[in-house]
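Let me begin by presenting the structure, written as structure tokens, before commenting on it.
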Amino acid sequence: MGIQQEVQDLLLRLGVNAGTLAGGALPVQSPITGEIIANLQPTTAAAEAIAEAHEAFLAWRTVPAPKRGELIRQFGEDLRAERETLGRLVTLEAGKILSEGVGEVQEMIDICTFAAGLSRQLTGLTLPSERPRHRMMETWHPLGVTGVISAFNFPVAVWSWNAALALVCGNSVVWKPSEKTPLTALATQAMFERTAAKVGGVPAKLSTVLVGDAAIGQALVDSPLVPIVSATGSTAMGRAVSPRLAQRFARAILELGGNNAAIVCPSADIEIALRGVAFAAMGTAGQRCTTLRRLIVHDTIYDEFVWRLQRVFGSVRVGDPRDTGTLVGPLIDGRAFATMQRALAEARAEGATIHGGERIERSAWPEAFYVRPALVEMKEQSELVRRETFAPILYVLRYKTLDEAIVLHNAVPQGLSSSIFTNDMREAERFLSTEGSDCGIANVNIGTSGAEIGGAFGGEKETGGGRESGSDAWKQYMRRATNTINYGSDLPLAQGVVFEIG
Ligand code: NAD
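Numbering (my numbering), first residue to last: 888 to 1389.
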């Protein structure tokens, strides 16, 4: 069966109307074969959709939070029933290997479980008042329409991290998925609508998808009816979006580019380090925000470690992500390939030693871009290394002292994920301490990618400072009110202020 037919069958099964898939001005390409698999009609009435989402919010905020949680619980169950179907669609549209496609849907299921529990735990503090017979407490209230802008590389999970929390918190959600991966978004939306109809009592347009490019995203960013936008994508996108949100004092959750590093110490368990580095650097064909891009290896183990890694990079199976045994699928498109080749040419000009990085031609699919992941031994951490190139390139650097390694590690503009491979407790603790990694995620003896939903996810510096998913990330989707109640028969003022009106 052709890929276009398979995509259509999966979409129909998940409830997407076939009529929406053809005749529009937005072509969707599968990175697996380079074929156009749909032509969608971009959204033209973004303002109306946002206004409807606002109406939905006004109704939804009055539904008790545990009832809101029940919607998300059931949505999680429906996702579980179609895990393989939606996972396969992720593979066909985004090009990740099947276990990663299905893993992405598992992440959606997990966040639904988390959010359903959370719906009974949106707790506020009770605080001691300095005034007699007064009670002070915090209450949490929904904010309104939550805008979600997402990137191509996690076409559905990022929405779910935001949406599951935003919805149990009492908000409505308007989603602008990547223009490169709108089909999985339409499928998710269709599934959500089905669950909502089954559960009942859910206002229409509680969740909406806007199909289109950056211009539609901008409409969401600029709408006064959208008090919070969670935007995932490149740092360039964050630079465009952030000041516009700040201008109107809207909340921003920014999840932007990473330039993640791992330090491999002499005491490391080399087998664990090899596997951890291999998955983090080559998984999702190097197209995760948390992909390992810089490897800092101790001088005494450098030669052996890099030689072994070179063999892994050289032998890993690159190809059709639908095939069992493939570990590295295609790049998203020709532009990504050109960017990768430019970076490799720059590295070559800087005197780097490059292993791999070449295109693996598939004569039947001239518009698909498969590459062997590149291992690039650099002389120094140049400007090139300090930049995020969204492709499977791992730059390798040497170090002699841990101090030197930590300085190198932190000397980049991004601050998303980091790790150290060591069995020396002092080195591990130092890396996690205030003097260590400056990233939002810091790991020991695991790679930089593959975070669990239970923790807060996000990074510092040019990664944008946002946190989403687990821990107390839910607080961002709500406003906090501090309430003080006087149950006495007097009116004492705080700080002992006297104001007698006679
Ligand atoms: P991108 O920046 O090209 O696009 C991301 C999204 O932003 C798309 O939906 C796009 O249409 C939208 N967009 C772009 N400019 C906009 C604007 N001015 N106003 C409103 N919306 C706009 O990114 P991409 O190529 O899809 O994804 C790769 C990038 O995303 C990498 O830099 C990667 O590190 C980053 N990323 C970060 C995280 C994270 O959690 N930190 C997660 C995934 C991806």
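All residues carry an ideal CB built from backbone N, CA and C; glycine is no exception. Everything numeric in this text was worked out from a predicted model, so none of it was measured.
Does the Cβ of residue i have 16 or more other Cβ atoms within 10 Å, making it buried, or fewer, making it exposed?
i: L1262; result: buried
i: W947; result: buried
i: E1245; result: exposed
i: R1204; result: exposed
i: S1320; result: exposed
i: D997; result: buried
i: L1378; result: exposed
i: E1339; result: exposed
i: I1293; result: buried
i: E1158; result: exposed
i: P918; result: buried
i: T1288; result: exposed
i: V1035; result: buried
i: W1046; result: buried
i: A1160; result: buried
i: D1359; result: exposed
i: G1163; result: buried
i: G1416; result: Coverage of the chain is limited to positions 888 through 1389, which leaves residue 1416 absent and any answer about it impossible.
i: V1385; result: exposed
Among the options, which one has its Cα closest to the Cα of residue i?
i: G1057; options: A1002, G1244 and F1386; result: A1002
i: Q1174; options: S1121, R1131, V1199 and Q1382; result: S1121
i: D1100; options: V1045, Q928, T1276 and R1274; result: Q928
i: E1267; options: Y1257, S1304 and T1240; result: T1240
i: S1129; options: N1370, T1350 and P953; result: T1350
i: V950; options: A1315, A1074 and V1055; result: V1055
i: N1040; options: T1010, L1052 and E1142; result: E1142
i: A1223; options: A981, A1381, A1091 and Q1008; result: A981
i: S1202; options: G1243, L1231, R967 and T1177; result: G1243
i: T907; options: A1232, A1172 and P1069; result: P1069
i: L1009; options: V1331, G1087 and W1361; result: W1361
i: K1092; options: W1252, A1298 and H941; result: H941
i: V1423; options: T1119, G1238 and K954; result: Examination of residue 1423 is not possible in this model, given that the chain is present from 888 through 1389 alone.
i: R1249; options: R1135, A1137, A952 and P1217; result: P1217
i: G1137; options: N1146, D1109, A1232 and G1145; result: Looking at the sequence provided, one finds Ala at residue 1137 rather than Gly. Comparing Cα positions, the closest option is D1109.
i: M1265; options: A1148, R1209, G1302 and R1235; result: R1235
i: L899; options: V915, R967, K1067 and L1073; result: L1073
i: I1150; options: A1329, G911, K1067 and F1256; result: A1329
i: F1277; options: E1316, D1220 and A1298; result: D1220
Excluding the five sequence neighbours on either side, which residues of its own chain have a C-beta within less than 6 Å of the C-beta of residue i, listed in chain order?
i: R1081; result: G902
i: A1165; result: V1199
Assuming contact is defined by CB atoms lying nearer than 8 Å, are residue i and residue j in contact in what I supplied?
i: F1079; j: F962; result: yes
i: Y1374; j: R1020; result: yes
i: L1182; j: I1115; result: no
i: L1214; j: I984; result: yes
i: G988; j: T978; result: yes
i: A925; j: A909; result: yes
i: C1152; j: I1307; result: yes
i: E1347; j: G1327; result: yes
i: S1336; j: S1305; result: no
i: S1154; j: N1310; result: yes
i: L1052; j: Y1282; result: no
i: G1341; j: E1355; result: no
i: G1145; j: C1176; result: yes
Is residue i a contact residue of the ligand MG, with contact defined as CB to any heavy atom under 7 Å?
i: G1011; result: This structure simply doesn't include the ligand MG; it includes the ligand NAD instead.
With residue i and residue j assumed to form a contact (beta carbons below 8 Å), what rounded beta-carbon distance in angstroms separates them?
i: S1059; j: V1089; result: Contact flag wrong, Cβ pair sits at about 10 Å.
i: W1048; j: V1096; result: Actually they are not in contact, since the Cβ atoms of W1048 and V1096 sit about 16 Å apart, beyond 8 Å.
i: G921; j: E1254; result: 3 Å
i: R1285; j: D1186; result: 5 Å
i: V1258; j: M1227; result: 6 Å
i: A1343; j: G1323; result: That pair is no contact at about 18 Å.
i: P1279; j: M1169; result: 6 Å
i: R960; j: C999; result: 7 Å
i: A936; j: M995; result: Not confirmed; about 22 Å, so no contact.
i: A1412; j: Q895; result: Since the first and last residues shown for the chain are 888 and 1389, residue 1412 lies out of range.
To which residues of the same chain is residue i closer than 7 Å at the C-beta, ignoring the five residues directly before and after it?
i: A872; result: In the structure as shown, the chain begins at 888 and stops at 1389. Residue 872 is therefore absent and cannot be evaluated.
i: A1083; result: L958, V1089 and L1093
With a CB to CB cut of under 8 Å and the five nearest residues on each side skipped, what residues in its chain are close to residue i?
i: A1381; result: E1017 and R1018
i: G956; result: A1002, A1003, G1004, L1005, S1006, R1007 and V1055
i: A1368; result: E1025, T1026, W1027 and H1028
i: I1103; result: P929, T930, A933, K1063 and L1097
Does any residue of chain C bring its CB to less than 8 Å from the CB of residue i?
i: K1348; result: Here there is only one protein chain, and chain C is not present.
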